[in-house]
Amino acid sequence: MPSYDPWLSTTSDVVRGAIIPLSRAGDCGLAYANCLPGATASTSTTLPDCMVSHTWSALFLDLVAAVVADTLELGEHGKVAQRLAEPRGAQKLLQEVLRKSCQRYWICAFCVNQHAGICNGFGSEPTPRSDQHSRWDAGRRDTVTGGIFGLCSCSEPKYFDGPMCEMNKFDDMMGLLQHRQPNLRHLVAVDRRFELFSRAWCVAELVQSYLSNLPQTVLLLSNRALDVQAECLETYYFLATLTVLECKASREEDRLQILAKIPDVHEFDVQLQAVIFGSRGLLRKALAGFDRVDAAARAARRAASAAAASEGP
């Protein structure tokens, strides 16, 4: 991927610019994990030790750094990201990882067959000059060059819903893996801008994992507690008023499908707040310094919940 820049390229860029082209097999396509050297029928059926939640809009560097940091049992991924971006940094970290353990991580970008879904298009074009159109247009362009990604011409059948779709089975897969893999964990790779918490699929994964009592590990850029300052206070308010009704997905159909699975949006939002702020919440330590604004946050959550309920999906 000639245009790759560790400090600019997102996971979406890497999927479009590298994973999809490299995983095409003749006129068909495979999951990239099945194209790696040494991939065999036996290894492809080996169960993962950890499932990873992340957002494609974040830096690919940070996704890799979070997985490496988790393997090395580090509490944050920022320093690992810096090392990965250095010349030969990846090779040096690889040696450390190989000495440490041999865990298997399930990451959708690598383990889902992108040729059975998104490889030949960017989804329906939203109304021009709308916020949705801006996000759609950004998603089809290389973050570094600004150019529109080329499309794949393979003949692999596409499935965006139904039994054959690989992209909407996270909850089913989590239940199956928990049954077959007793030590399964869930790694939450939080990006620099906390965008993970605004993505509908990610939020659904977090709540499902939490309610399933799956051991969750969260990795931030830094485990330094957020300061009660303007920028961090804005992040705190965003998290405190979070509702699944305002979360986004690359396809509007996916967002509506996720909402249709939620019998009680208010109860879901309560569980989402527990995932973030609760006694075993993902960010309880990082947000510990916000106790004095918690009353205001609770009021903000109630106001946001009431407003969202009145507007509907």
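Under our numbering, the first residue of the sequence shown carries the number 1429, and numbering increases by one thereafter.
Ideal placement from N, C-alpha and C gives every residue a C-beta, glycine not left out.
Sequence-distant residues of its chain with Cβ nearer than 8 Å to I1447 (five each side left out): Here residue 1447 refers to the residue found at position 19 when the sequence shown is read from its first residue. Same-chain partners within the cutoff: Y1460, A1537, F1538, Q1542.
Expected contact under 8 Å - CB spacing of M1479 and M1602 to nearest Å: Residue numbering aside, residue 1479 sits at position 51 when the sequence shown is read from its first letter. Residue numbering aside, residue 1602 sits at position 174 when the sequence shown is read from its first letter. The beta carbons of M1479 and M1602 sit about 7 Å from each other, so the pair counts as a contact at 8 Å.
DSSP state of C1478 mapped onto helix, strand, coil: For the purposes of this step, residue 1478 is taken as the residue at position 50 of the sequence shown. The answer is strand: DSSP assigns C1478 an E or B state.
Unbroken stretches of the alpha helix (DSSP H), 4 residues or longer, contained in the stretch 1582 to 1625: List check, alpha helix (DSSP H) in window: 1598 to 1608.
At least three beta-carbon pairs within less than 8 Å, the stretch 1518 to 1528 to the stretch 1660 to 1675: In short, these stretches do not touch, since the Cβ pair count stays below three.
Bridge-paired residues (DSSP) for T1438: Looking up residue 1438 in the sequence shown gives position 10. For T1438, the pairing in a beta bridge is given by DSSP as L1487.
Alpha-carbon to alpha-carbon, I1690 and T1663: Locating residue 1663 in the sequence shown gives position 235, counting from the first residue. Locating residue 1690 in the sequence shown gives position 262, counting from the first residue. Roughly 26 Å separates the two Cα atoms.
Stretch-stretch touch, CB-based, cutoff 8 Å, three pairs: the stretch 1617 to 1633 with the stretch 1572 to 1589: Inter-segment contact for the stretch 1617 to 1633 and the stretch 1572 to 1589 is absent: fewer than three beta-carbon pairs are separated by less than 8 Å.
Extent of the continuous beta strand (DSSP E) run through Q1644: Within the sequence shown, the letter at position 216 stands for residue 1644. Residues 1644 to 1647.
Residue ranges of each alpha helix (DSSP H) within the stretch 1493 to 1563, 4 or longer: Secondary structure in the stretch 1493 to 1563: the alpha helix (DSSP H) runs of 4 residues or longer, each lying completely within the stretch, are 1506 to 1513, 1517 to 1528, 1536 to 1539 in chain order.
Sub-7 Å separation of D1570 and D1441 beta-carbons: The sequence position of residue 1570 within the sequence shown is 142, counting from 1. The sequence position of residue 1441 within the sequence shown is 13, counting from 1. Their beta carbons are under 7 Å apart, which means D1570 touches D1441 by this criterion.
Three-way DSSP call (helix, strand, coil) for I1746 in this model: No answer is possible for residue 1746: it lies beyond the span of the chain, which begins at 1429 and ends at 1741.
Close-in-space but distant-in-sequence residues of the same chain around C1580 (CB under 6 Å, 5 per side omitted): As a first step, residue 1580 must be located in the sequence shown, where it is residue number 152. These residues qualify, in order along the chain: I1448, C1547, N1548.
Nearest neighbour of L1500, chosen from C1530, A1486, E1695 [CA to CA]: Translated into positions along the sequence shown, residue 1500 becomes position 72. Of the listed residues, the one whose Cα sits closest to L1500 is C1530.
Extent of the continuous alpha helix (DSSP H) run through I1704: Numbered from 1 along the sequence shown, position 276 holds the residue referred to as residue 1704. Start and end: 1693 to 1705.
Selected residue, minimal CA-CA separation from W1534, among V1646, L1700, H1614: Stepping through the sequence shown from its first residue, residue 1534 is reached at position 106. By alpha-carbon distance to W1534, the top candidate from V1646, L1700, H1614 is H1614.
7 Å CB neighbourhood of L1710 in its chain, flanking five on each side removed: Reading the sequence shown from its first residue, position 282 is the one you call residue 1710. Cβ within range, chain order: V1616, Q1644, V1646, V1703, I1704.
Which of helix, strand or coil DSSP assigns to A1467: Mapped onto the sequence shown, residue 1467 falls at position 39. DSSP places A1467 in coil when its eight states are reduced to three.
Rounded separation between R1557 and P1476 - CA only: Mapped onto the sequence shown, residue 1557 falls at position 129. Mapped onto the sequence shown, residue 1476 falls at position 48. Whole-angstrom Cα-Cα distance: 42 Å.
Of the listed residues G1574, G1578, D1599, nearest to D1433 (C-alpha basis): The residue given as residue 1433 occupies position 5 in the sequence shown. Nearest of G1574, G1578, D1599 to D1433, Cα basis: G1574.
Spatial neighbours of S1451 in its chain, beta-carbon cut-off 6 Å, leaving aside the 5 residues before and after: In the sequence shown, the residue the question calls residue 1451 occupies position 23. In the same chain as S1451, and ignoring 5 residues on each side of it, the C-beta atoms closer than 6 Å to its own belong to G1457, L1458, Y1460, C1463, in chain order.
Rounded straight-line distance, which links the Cα of N1641 to that of R1679: Reading the sequence shown from its first residue, position 251 is the one you call residue 1679. Reading the sequence shown from its first residue, position 213 is the one you call residue 1641. The straight-line gap from Cα to Cα measures roughly 29 Å.
Paired residues, beta bridge with C1742 - DSSP: A question about residue 1742 goes unanswered here, because the residues of the chain that appear run from 1429 up to 1741.
Run of the alpha helix (DSSP H) containing E1680, from where it starts to where it stops: Start at 1 with the first residue of the sequence shown, and residue 1680 comes out as number 252. 1680 to 1688 is the span of the alpha helix (DSSP H), which, as asked, contains E1680.
Own chain residues within Cβ distance below 7 Å of L1648, not counting five before or after: Stepping through the sequence shown from its first residue, residue 1648 is reached at position 220. Only E1504, V1618, A1714 meet the Cβ criterion.
Residue nearest to K1597 in terms of C-alpha spacing, selected from F1550, D1682, H1694: On the sequence shown, position 169 is the one that residue 1597 refers to. Among F1550, D1682, H1694, the Cα nearest to that of K1597 is on D1682.
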